[in-house]
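Number of protein chains: 2
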Amino acid sequence: MSDEVEDRRPLSRRIADELRKEIEDGRHAPGAKLPSQRKLAERFGAVRNTVDEALKILAQEGLVIAEHGRGVFVRVKQPLIRLGSDRYSPKYRESGLSPFLVECAKQGKVGKFEVLGIERIKPDKELAEQLKVSDKTKSVVRRENVFYADADPVYRVTTWIPWSIAQGTGLLQPEVPHQYGIHGIFEDKGHVMTRINDEITARMPTPDEVSYLNLSPGVPVIEVMHTSIDQDGEPYEVTRFVMRADMNGLSYNVPVE
Amino acid sequence: MSDEVEDRRPLSRRIADELRKEIEDGRHAPGAKLPSQRKLAERFGAVRNTVDEALKILAQEGLVIAEHGRGVFVRVKQPLIRLGSDRYSPKYRESGLSPFLVECAKQGKVGKFEVLGIERIKPDKELAEQLKVSDKTKSVVRRENVFYADADPVYRVTTWIPWSIAQGTGLLQPEVPHQYGIHGIFEDKGHVMTRINDEITARMPTPDEVSYLNLSPGVPVIEVMHTSIDQDGEPYEVTRFVMRADMNGLSYNVPVE
DNA sequence: TGACTCAACTGGCTTAAGCCAGTTCTACTG
DNA sequence: CAGTAGAACTGGCTTAAGCCAGTTGAGTCA
Chain A
192 MSDEVEDRRP
202 LSRRIADELR
212 KEIEDGRHAP
222 GAKLPSQRKL
232 AERFGAVRNT
242 VDEALKILAQ
252 EGLVIAEHGR
262 GVFVRVKQPL
272 IRLGSDRYSP
282 KYRESGLSPF
292 LVECAKQGKV
302 GKFEVLGIER
312 IKPDKELAEQ
322 LKVSDKTKSV
332 VRRENVFYAD
342 ADPVYRVTTW
352 IPWSIAQGTG
362 LLQPEVPHQY
372 GIHGIFEDKG
382 HVMTRINDEI
392 TARMPTPDEV
402 SYLNLSPGVP
412 VIEVMHTSID
422 QDGEPYEVTR
432 FVMRADMNGL
442 SYNVPVE
Chain B
192 MSDEVEDRRP
202 LSRRIADELR
212 KEIEDGRHAP
222 GAKLPSQRKL
232 AERFGAVRNT
242 VDEALKILAQ
252 EGLVIAEHGR
262 GVFVRVKQPL
272 IRLGSDRYSP
282 KYRESGLSPF
292 LVECAKQGKV
302 GKFEVLGIER
312 IKPDKELAEQ
322 LKVSDKTKSV
332 VRRENVFYAD
342 ADPVYRVTTW
352 IPWSIAQGTG
362 LLQPEVPHQY
372 GIHGIFEDKG
382 HVMTRINDEI
392 TARMPTPDEV
402 SYLNLSPGVP
412 VIEVMHTSID
422 QDGEPYEVTR
432 FVMRADMNGL
442 SYNVPVE
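Chain order of the listed sequences is A and B.
If you count by the working numbering, then the first sequence holds residues 192 to 448, one letter each, in order.
If you count by the working numbering, then the second sequence holds residues 192 to 448, one letter each, in order.
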């Protein structure tokens, strides 16, 4: 009998595969509750532990999410917030709307951000090199923000600015004293953003990131290391974005040079 | 006593935290073998199952990798292959070197790629819309490739080309009959790449992707949906890259418009 | 010397049983 | 009727025990 082929793969994987197929077929709709672990165990002729294992696999894949005391649910895909390559475009600065707020509004969400901390620090070697400052003195200002869409933390942003630029600008205060925001200040200081360099990677979050971005299992983070370059080809600001991949995407619409 | 504070977090997480700290402190060097599960169980006063659980957490974070029969090892970070925004720049086409091969060579690796399949297919609705072709007929050619660095599969690439462009060009053959590659053909056909649009997301791999990219647990994938746009602002080719995040990064150095 | 066997290790996975902690709803109480 | 106690559910995690399957190296045999 073809039933007898003896699948040598672990039972927990086979259960996960079966459930995955059912979810992809739509037999369990997004948001729907799966049968309880105890019921699934009975159905598959396995012990609850093994079903738990199978569900963990699906959770890691980002397909389901378990809620303690309530059940296991098929994860609902969030629409992505798209951070675009045009996010620094002058057109936004004049309208007064940040691309982030626009994206949130599109989804009927309220975007906001919080300042977590501002500090004048000694940069590490790599950063010092990027910004062409000394790594022996407190030569940069670091600003730390979190962005929210409604109540969900969406990304964490760290900005480093050479002290030579930040000095006397009020960039040590939480409230940025310029109508065009932080980049308005840079322009006043003679740095017009001419190019950007974004280095993009993805990875699993650290435990820290899990807690401050409120991440569920199976959600990677996208890390963007952004450098602003002025009219002289000189970098004058570095920003790191750590974004939850289930709510964010990037979009680069750029000329071929 | 401060020992008595009673950490209420699960034992497996506490063990994972402890081991993570040791790894980050360098007490276990990259590539080093951790003590066996049975020894760790003894050390932490837990049962082997619980240690296994803790190690799975670290594996999911991409910190360690278990090898059946051999032991658990601290993962060695791979240098990243950087796919740049300039990867379509004419400068590469003339030198005959693809950015991918250059990056591999930098790392002393041999890059190569394989054609997995070529087919003339009916596009799905979304793709048809992007390429402005009909979704009722076999209006696109799909080419499927895998790229390797030495023996490691690094990314999988799927390219869709409107049949109206591919027709009569030999794009249905594995060997691209043009000295400047596939993009040379497009130029001959009157489509000069003027802009690109890359949509970037990250997520956990599907089981399929795990097997064909040979992924270990805790490695996300980066997905890039790339559209080439010609001198008239018209899209004429769509490519999807699925890249393993532990070996790949992206880099966009672009003007602010 | 070289090929092979096998013991002693490694992680992988499952069963079995149980306690704990959230959630939900029902039925009772004031 | 409002409020609440509690049963009956949910998943989370641990212990305990064992079999299985890769790996490695020591020792044996031809």
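For every residue, glycine included, the Cβ atom is placed at its ideal position computed from N, Cα and C.
Next item on the list: Apply the 10 Å Cβ neighbour rule to isoleucine 376 of chain A and answer buried if 16 or more other Cβ atoms are within range, or exposed otherwise.
Entry: Flag for isoleucine 376 of chain A reads buried.
Notebook entry, point to check: Grouping DSSP H, G and I as helix and E and B as strand, with all else coil, what is alanine 257 of chain B?
Noted result: Residue state, collapsed to three classes: strand.
Checklist line | Closer than 7 Å to chain B by CB, threonine 392 of chain A | finding: Taking Cβ atoms only, chain B reaches closer than 7 Å to threonine 392 of chain A, which makes this a yes.
Item checked: Near-chain A residues of the region 231-252 of chain B - C-beta to any C-beta below 8 Å -> Along the region 231-252 of chain B, the positions whose C-beta sits under 8 Å from a C-beta of chain A are Gln251 and Glu252, read in chain order.
Notebook entry, point to check: Going straight from the alpha carbon of glycine 424 of chain B to that of leucine 322 of chain B, what length do you get?
Noted result: Cα-Cα distance, rounded: 12 Å.
Note to self: Quick check on glutamine 358 of chain A: buried or exposed, where buried means 16 or more other Cβ atoms within 10 Å of its Cβ?
What the structure shows: Flag for glutamine 358 of chain A reads exposed.
Next item on the list: Would you grab the beta carbon distance between isoleucine 312 of chain A and valine 331 of chain A for me? Rounded to a whole angstrom, and I think it's under 8 Å.
Entry: A Cβ-Cβ separation of about 6 Å places isoleucine 312 of chain A in contact with valine 331 of chain A under the 8 Å criterion.
Notebook entry, point to check: Grouping DSSP H, G and I as helix and E and B as strand, with all else coil, what is asparagine 336 of chain A?
Noted result: It is a strand residue.
Note to self: Please list, in chain order, the chain B residues whose beta carbon lies closer than 7 Å to that of serine 276 of chain A.
What the structure shows: Against chain B, a Cβ distance below 7 Å from serine 276 of chain A picks out Tyr443 and Val445.
Next item on the list: Spatial neighbours of proline 290 of chain B within its chain, please: CB distance less than 8 Å, with the 5 preceding and 5 following residues excluded, ordered by chain position.
Entry: Sequence-distant Cβ neighbours of proline 290 of chain B in its own chain, meaning closer than 8 Å and more than five residues away, are Leu274, Gly275, Asp277, Arg278 and Tyr283.
Check: How many Å lie between isoleucine 256 of chain B and tyrosine 339 of chain B at the Cα?
Finding: C-alpha separation (whole angstroms): 21 Å.
Next item on the list: Ignore the nearest five residues each way along the sequence and tell me which others in valine 196 of chain A's own chain have a CB closer than 7 Å to its CB.
Entry: Note that valine 196 of chain A has pLDDT 49, beneath the 50 cutoff, so the model's placement of it is unreliable and the number below is only indicative. Scanning its chain for C-beta atoms nearer than 7 Å, with the 5 sequence neighbours on each side dropped, one finds no residue around valine 196 of chain A.
Check: How is proline 344 of chain A classed by DSSP in three states: helix, strand or coil?
Finding: Residue state for proline 344 of chain A is assigned as strand, using DSSP reduced to three classes.
Item checked: Reference proline 365 of chain B; option with closest CA among B/Gly308, B/Glu233 and B/Gly381 -> When B/Gly308, B/Glu233 and B/Gly381 are compared, the shortest CA-CA separation from proline 365 of chain B is found for B/Gly308.
Notebook entry, point to check: methionine 438 of chain A CB to nearest chain B CB: under 7 Å?
Noted result: For methionine 438 of chain A, the nearest beta carbon of chain B is not closer than 7 Å to its own beta carbon.
Note to self: Is the separation between the beta-carbon of serine 355 of chain B and that of isoleucine 387 of chain B shorter than 7 Å?
What the structure shows: No.
Margin query: Below 9 Å on C-beta distance, what does tyrosine 279 of chain B contact in chain A?
Written below: Here the neighbours are Val447.
Margin query: Is there a C-beta anywhere in chain A that falls below 7 Å from the one on proline 411 of chain B?
Written below: Interface residue, yes.
Item checked: 7 Å Cβ cut-off: residues of chain B touching arginine 386 of chain A -> Near arginine 386 of chain A (Cβ distances below 7 Å), the residues of chain B are Asn444, Val445, Pro446 and Val447.
Next item on the list: Please report the Cβ distance between arginine 435 of chain A and tyrosine 371 of chain A, rounded to the nearest whole angstrom; I am assuming they are in contact, meaning their Cβ atoms lie under 8 Å.
Entry: Not confirmed; about 28 Å, so no contact.
Margin query: Applying the 10 Å Cβ sphere with the 16-neighbour rule, what's the burial state of glutamine 228 of chain A?
Written below: Burial call: buried.
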